Amino acid sequence: MERVIVAGGGMAGLRTAEALRAHGYEGRVMLLAAEDRPPYDRPPLSKEILLGKRDDSALAAPPPDVELLLGRAATGLAPGVVRTDAGDLGCDAVVIATGAEPIRLPGDGPQHVLRTIGDALRLRAELRPGRRVAVVGAGWIGAEVATAAARAGCAVTVVEAGNAPLAVAVGEDVGRRTEGWYAEAGVTLRTGAAVAAVRDGGLELADGGTVPAEVVVSGIGVRPAVGWLAGSGLELGDGVHVDAYLRAAEGVYAVGDCAAFVSRRYGRRLRIEHWDTAVNAPEVVAANLTGGGPDGPEAYDPVPYVWSEQFGRMLQYAGRHDPASVPLWRGDPADGSWSAFWLTGERLAAMLTVDRPRDLVQARRLMRRGARVDPARLADPELPVKAAEEG
Ligand SMILES: Cc1cc2nc3c(=O)[nH]c(=O)nc-3n(C[C@H](O)[C@H](O)[C@H](O)COP(=O)(O)OP(=O)(O)OC[C@H]3O[C@@H](n4cnc5c(N)ncnc54)[C@H](O)[C@@H]3O)c2cc1C
11 MERVIVAGGG MAGLRTAEAL RAHGYEGRVM LLAAEDRPPY DRPPLSKEIL LGKRDDSALA
71 APPPDVELLL GRAATGLAPG VVRTDAGDLG CDAVVIATGA EPIRLPGDGP QHVLRTIGDA
131 LRLRAELRPG RRVAVVGAGW IGAEVATAAA RAGCAVTVVE AGNAPLAVAV GEDVGRRTEG
191 WYAEAGVTLR TGAAVAAVRD GGLELADGGT VPAEVVVSGI GVRPAVGWLA GSGLELGDGV
251 HVDAYLRAAE GVYAVGDCAA FVSRRYGRRL RIEHWDTAVN APEVVAANLT GGGPDGPEAY
311 DPVPYVWSEQ FGRMLQYAGR HDPASVPLWR GDPADGSWSA FWLTGERLAA MLTVDRPRDL
371 VQARRLMRRG ARVDPARLAD PELPVKAAEE G
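Right under this line is the structure:
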């Protein structure tokens with residue numbers, strides 16, 4: 011292999027370039043970045059930049075022998091060729107790391123989304139005391155935006171179509187336990203309210219009501235940025251379909267938010283839109299591009315993990331569970347910190363912790379190993395989570 015092209019200059023693209031070098035690959039590496047700035051980190055956009063704690067979240071520069079092409083978008087893929095907005099580039103292998111794009115609400119009124127550093131700086135400039143801010147979506151991002159807007163002194167309303175915050179991610183029972191945080195921060199939370207359109211002056215709701223606002227922020231999710239791969243022959247669904255080794259076709263891999271991989275652990279295809287995957291999956295791609303491990307190609311098979319900082323609390327979720335399944339509680343929400351677990355039979359399927367990072371670390375280990383656990387010990391906040399392991 012003389013030339014590898016990595017399409018996408020986010021965390022997953024940068025980590026792929028770094029990992030290729032770390033695995034001893036000596037050919038050319040070209041990193042195509044549609045944005046005109048070097049790779050930066052996204053979690054700080056909503057946690058620090060929006061709060062005015064910093065203005066930038068640049069990542070360490072790629073190794074000097076990686077060719078970083080800023081402002082250069084991949085526009086198509088054919089065997090051995092990546093088409094770009096400035097001409098075709100030949101290559102021996104391609105890694106697709108084009109991430110995801112925010113979904114926008116219908117309507118002709120102005121709306122903000124939060125995906126790029128430009129988005130964060132533009133929104134921050136709008137968060138001024140007394141302004142009415144409507145945040146659509148009470149998911150991970152919506153809750154973080156509401157936190158920042160409330161701290162900036164705005165009059166914040168969060169409008170959520172589901173019956174509780176975070177319901178899509180963790181289910182209604184657990185999501186409801188976070189409702190009080192909104193009121194505590196002076197934020198109005200309206201659940202069960204679907205937005206029909208964004209208009210000048212605020213939101214139009216499906217039931218005919220309105221939410222007046224000077225600033226509208228849409229936090230309703232993202233779609234994988236794979237439109238440029240239409241006609242490439244790759245299998246595209248909710249992302250680029252790759253196998254357990256993150257391979258889409260001979261010499262073509264995909265990684266990060268845009269990749270839907272086959273998880274052996276969960277027996278299904280997964281697309282994970284979390285930082286941990288963007289950081290760690292590239293290692294597997296680099297290993298496989300450079301010959302695999304001692305036992306052949308390496309599979310990527312994580313226990314998914316995400317964290318969020320909202321209303322002064324640290325939330326951490328690991329695993330996968332059916333949002334309709336009943337949680338097992340640990341700790342009293344009145345004390346501030348608590349955890350919720352979901353079990354499949356005798357094994358831990360997933361957990362959410364609020365300000366109990368040690369619970370997360372220990373539970374994640376149990377999940378990775380598929381250990382059997384005792385629910386009664388798991389529910390006892392005085393015992394370490396690891397003490398719940400059976401035999
Ligand atoms: C505000 C915010 C807060 C977040 N907070 C958390 C958190 O607390 N915890 C957590 O686990 N995750 C969090 N995430 C998610 C996490 O940041 C993503 O999972 C991660 O950024 C995915 O990295 P990626 O490289 O796959 O994709 P991206 O970060 O989307 O990077 C893809 C890059 O490819 C570029 N690109 C797109 N199309 C092309 C093309 N055709 N040609 C060339 N380049 C292209 C894009 O411009 C982009 O720079 C957050 C995300 C956001 C937006």
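Just so you know, we're using this note's numbering here: the sequence shown kicks off at 11 and counts up by one.
C-beta: ideal position from N, C-alpha, C; glycine also.
Only a predicted model underlies this, so the values are computations on that prediction, with no experimental measurement involved.
Can you tell me where the alpha helix (DSSP H) holding Pro-343 begins and where it ends?
Taking the sequence shown and counting its residues from 1, the one referred to as residue 343 is at position 333. From DSSP, Pro-343 is part of no alpha helix (DSSP H); its letter is neither H nor E.
Terminal residues of the beta strand (DSSP E) in which Met-40 lies
Locating residue 40 in the sequence shown gives position 30, where the first residue counts as 1. The continuous beta strand (DSSP E) containing Met-40 extends over residues 38-43.
Candidates Thr-198, Asp-75 and Arg-64: closest to Val-221 by CA position
Here residue 221 refers to the residue found at position 211 when the sequence shown is read from its first residue. If we check each option's Cα against that of Val-221, Thr-198 comes out closest.
Could you have a look at Tyr-255 and say whether DSSP puts it in helix, strand or coil?
Here residue 255 refers to the residue found at position 245 of the sequence shown. Here Tyr-255 sits in coil by DSSP.
Span of the beta strand (DSSP E) around Gln-121:
Numbered from its first residue, the sequence shown carries residue 121 at position 111. Unbroken run through Gln-121: none, as it is neither H nor E.
If Ala-103 and Leu-299 are in contact, beta carbons under 8 Å, what's the gap, nearest whole angstrom?
Position 93 of the sequence shown, counting from 1, holds the residue named residue 103. Position 289 of the sequence shown, counting from 1, holds the residue named residue 299. Confirmed, Cβ separation roughly 6 Å.
At 3 residues or longer, what runs of the beta strand (DSSP E) sit wholly inside the stretch 133-187?
Entirely contained in the stretch 133-187, the beta strand (DSSP E) runs reaching 3 residues are, in chain order, 142-146 and 165-169.
The beta strand (DSSP E) spanning Arg-279 covers which residue range?
The residue given as residue 279 occupies position 269 in the sequence shown. Where Arg-279 is concerned, the enclosing beta strand (DSSP E) stretches over 278-281.
Ligand 1 heavy atoms versus the CB of His-331: any closer than 6 Å?
Here residue 331 refers to the residue found at position 321 of the sequence shown. Incorrect: His-331 has no Cβ contact closer than 6 Å to ligand 1.
Which runs of the beta strand (DSSP E) fall wholly inside the stretch 199-286 and span at least 3 residues, in chain order?
Counting only runs of 3 or more, we get 205-209, 212-215, 220-222, 225-228, 232-234, 249-251, 257-259, 262-264, 269-273 and 278-281.
Could you work out which residue in Arg-379, Gly-346, Gly-341 and Gly-172 is closest to Arg-387 when comparing CA atoms only?
Start at 1 with the first residue of the sequence shown, and residue 387 comes out as number 377. When each option's Cα is compared against that of Arg-387, the closest is Gly-341.
Suppose you measure from the CA of Asp-65 to the CA of Tyr-50; what does that come to, to the nearest Å?
Reading the sequence shown from its first residue, position 55 is the one you call residue 65. Reading the sequence shown from its first residue, position 40 is the one you call residue 50. Distance between the alpha carbons of Asp-65 and Tyr-50: 12 Å.
For Val-76, name the three-state secondary structure that DSSP assigns.
For this step, residue 76 is matched to residue 66 along the sequence shown. Val-76: strand per DSSP, three-state reduction.
Ser-318: buried (16+ other C-beta within 10 angstroms of its C-beta) or exposed?
Sequence index remark: in the sequence shown, residue 318 carries index 308 (1-based). Ser-318 should be labelled buried.
Whose CA, out of Gly-20, Gly-62, Thr-94 and Glu-28, lies closest to the CA of Gly-37?
The residue given as residue 37 occupies position 27 in the sequence shown. Comparing Cα positions, the closest option is Glu-28.
Whole angstroms are fine: how far does the CA of Ala-107 sit from the CA of Leu-42?
Along the sequence shown, one-based indexing puts residue 42 at 32. Along the sequence shown, one-based indexing puts residue 107 at 97. The straight-line gap from Cα to Cα measures roughly 10 Å.
Got a sec: does ligand 1 put a non-hydrogen atom nearer than 6 Å to the Cβ of Asp-267?
As a working mapping, residue 267 is identified with position 257 in the sequence shown. Yes, ligand 1 has a heavy atom inside 6 Å of this Cβ.
Taking three-plus beta-carbon pairs below 8 Å as touching, is the stretch 225-239 in contact with the stretch 57-74?
Verdict: no, contact absent.
Can you name, in chain order, every residue of its own chain whose Cβ lies under 6 Å from the Cβ of Arg-257, other than the five neighbours on each side?
Locating residue 257 in the sequence shown gives position 247, where the first residue counts as 1. Excluding sequence neighbours, Arg-257 sits near Tyr-263.
For Gly-172, count neighbouring Cβ atoms within 10 angstroms of its own Cβ and tell me buried if that reaches 16, exposed if not.
As a working note, residue 172 is residue 162 in the sequence shown. Its Cβ being crowded by 16 or more others within 10 Å, Gly-172 is buried.
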